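K.L.:
One structure follows; several queries about it will come next.
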Amino acid sequence: MRIAFVSLETALHCDYEAIDRLTRTAELLAGRGHDVVWYCAKWWTGEKAEWEHEGVRYRGLVDDLDDTRKFRYSLTVALPKFSPDVVHAGAIPPRQVSAASKGARVARAPLITDWYGDAANVRRTHRKALKKSDAVVTPSRLVQTRVWEQGLAEDEVEVVPNSVDMDYIESVDPVNAGDIVYSRKLDEGANLESVLLALAELRQVDWSAVVVGDGPERENYERQARDLRIDDRITWLGECDREQRVAVYRGAHVFAQTAHECLFATELLWALASGCIGIVEYHADSAAHELVELRQMDAERGFRTTSEQELADAIKAAADMPHKTVDEDFAEFDHRPVLERYLDIYREEMDAAGLF
């Protein structure tokens with residue numbers, strides 16, 4: 027299959043969850059033998075118009091990220107020349123979706139837009155972009171509902187979650203850094219204080235905790251742990267790469283997810299697949315609870331809480347449950363089955379357009 031990806035920015039330009047998701051999908055498709063070309067701004071120097079990375083051919087339509095007008099114009103011409111079977115666009119900036127729609131229409135290819143929900147306030151340009159798509163893919167039911175609220179029909183919006191690598195998880199040796207793990211950027215939305223207050227309720231219980239991640243609020247959280255007199259039982263690891271994180275998750279017993287906002291709980295998923303018991307504090311703007319509510323898994327290995335006391339009770343209850351270093355119930359989130367869900371959407375839209 028010939029698949030054209032459209033995003034002015036790439037993972038070589040920036041570090042956004044939406045771009046990471048798009049990149050992972052493109053690379054997995056290329057790894058399966060599909061012909062994948064990504065239309066973007068150049069992230070390399072020199073006169074070369076195309077650069078291959080991890081099996082994906084990146085085609086630079088402009089030299090500068092600020093040259094969005096030229097990018098959109100060039101896109102409408104470049105897409106038909108490639109003759110793609112499918113056009114898969116990132117949703118930000120939204121006007122690139124409109125340009126991709128024009129190019130896809132000339133190429134007679136369906137347009138799938140990957141909407142991660144990045145825009146807090148959906149504006150007219152976002153709504154217009156969404157409605158120009160043949161199908162919209164979101165990472166969670168939370169984001170799917172927000173897209174439906176923009177006027178799209180239910181059958182036009184599909185949920186395809188982020189994925190993990192189960193084989194990779196099993197290849198990483200566990201590290202016993204702490205019984206309870208929290209992993210996220212430590213900013214104002216992290217809400218690590220919920221975990222700290224819950225742990226303070228359990229001072230008389232034997233536990234150790236580890237915090238993975240760094241950010242502007244780290245010093246405040248460390249101060250709060252000292253004020254609560256639990257700092258001697260918490261290890262602050264700072265930034266860790268994927269291997270280090272998986273090693274910590276496999277060695278831990280519980281993963282606590284308490285952030286106020288979360289479009290998809292990627293680290294929670296990696297931890298659950300690594301055998302952790304998931305404890306999620308419910309928030310209206312977080313999709314994390316979806317991973318512990320809608321699982322075909324042992325319901326006793328997932329908790330949804332609404333207060334620090336409930337969080338403390340869940341941590342205490344989890345202590346009596348068996349330790350795991352991998353959970354095969356999460357195999358449906360492996361790269362391969364999740365990629366098949368994308369391919370099914372491609373085929374459905376091609377068939378609807380009479381192209382398959």
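Per the working numbering, the sequence shown starts with residue 27, numbered consecutively. Beta carbons are placed, not taken as given, at the ideal position from N, Cα and C, and that holds for glycine. Source: prediction; values computed, not measured.
1. Going by the beta-carbon positions, is the gap between V169 and D140 smaller than 8 angstroms?
2. For G328, which residues in the same chain have their Cβ closer than 6 angstroms to its Cβ, ignoring the five residues on either side in sequence?
3. Where does A299 sit, in a helix, a strand or coil, going by DSSP?
4. Give me the Cβ distance between R98 and Q122, rounded to the nearest whole Å; I'm assuming they're in contact under 8 angstroms.
5. Three Cβ pairs or more, each shorter than 8 angstroms: is that satisfied between the segment 227 to 246 and the segment 254 to 266?
6. Over what stretch of residues does the alpha helix (DSSP H) that includes V274 continue unbroken?
7. Run through the segment 196 to 237 for me and flag every whole alpha helix (DSSP H) of 4 or more residues, listed as ranges in chain order.
8. For the pair the segment 191 to 209 and the segment 170 to 180, tell me if three or more CB-CB distances fall below 8 angstroms.
9. Since G59 sits in a beta bridge, which residues does DSSP pair it with?
10. Between I29 and A357, what straight-line distance do the alpha-carbon atoms span, to the nearest angstrom?
11. Around the C-beta of Q283, are 16 or more other C-beta atoms found within 10 angstroms, so that it is buried, or is it exposed?
12. Reducing DSSP to helix, strand and coil, say where L178 ends up.
13. When the Cα atoms are used, what is the spatial distance from A216 to V190?
14. Buried or exposed: W64, going by 16 or more other Cβ atoms within 10 Å of its Cβ?
15. Spell out the partners DSSP gives D140 in its beta bridges.
16. Spatial neighbours of L54 within its chain, please: C-beta separation below 6 angstroms, excluding the five flanking residues on both sides.
17. Return the CA-CA distance between G279 and H286, expressed in angstroms with no decimal places.
18. If you run the structure through DSSP and keep just helix, strand and coil, what is G81?
19. Can you give me the C-alpha to C-alpha distance between V221 and D205, rounded to a whole angstrom?
P.N.:
Let me lay it out:
1. Using a Cβ distance threshold of 8 angstroms, V169 and D140 do not count as a contacting pair.
2. Closer than 6 angstroms at Cβ, skipping near neighbours: G304, V318.
3. It is helical.
4. Rounded, the Cβ-Cβ distance is 6 angstroms, consistent with contact.
5. Look at the beta carbons and you see the segment 227 to 246 touching the segment 254 to 266: at least three pairs across the two are nearer than 8 angstroms.
6. Counting along the chain, the unbroken alpha helix (DSSP H) around V274 starts and ends at 268 to 277.
7. Counting whole runs of 4 or more residues, the segment 196 to 237 contains the alpha helix (DSSP H) stretches 218 to 227.
8. Segments in contact, no.
9. Bridge partners of G59: none, in fact.
10. Approximately 26 angstroms, taken between the alpha carbons.
11. Burial call: buried.
12. If DSSP states are grouped into helix, strand and coil, L178 belongs with coil.
13. The straight-line gap from Cα to Cα measures roughly 22 angstroms.
14. Buried: at least 16 other Cβ atoms inside 10 Å.
15. The beta-bridge partner set that DSSP reports for D140 consists of G116, V163.
16. For L54, where only same-chain residues beyond five positions count, the Cβ hits under 6 angstroms are H361, L365.
17. The sequence given here has His at residue 279, not Gly. Answer to the nearest angstrom: the Cα atoms are 23 angstroms apart.
18. Correct three-state label for G81: coil.
19. The straight-line gap from Cα to Cα measures roughly 13 angstroms.
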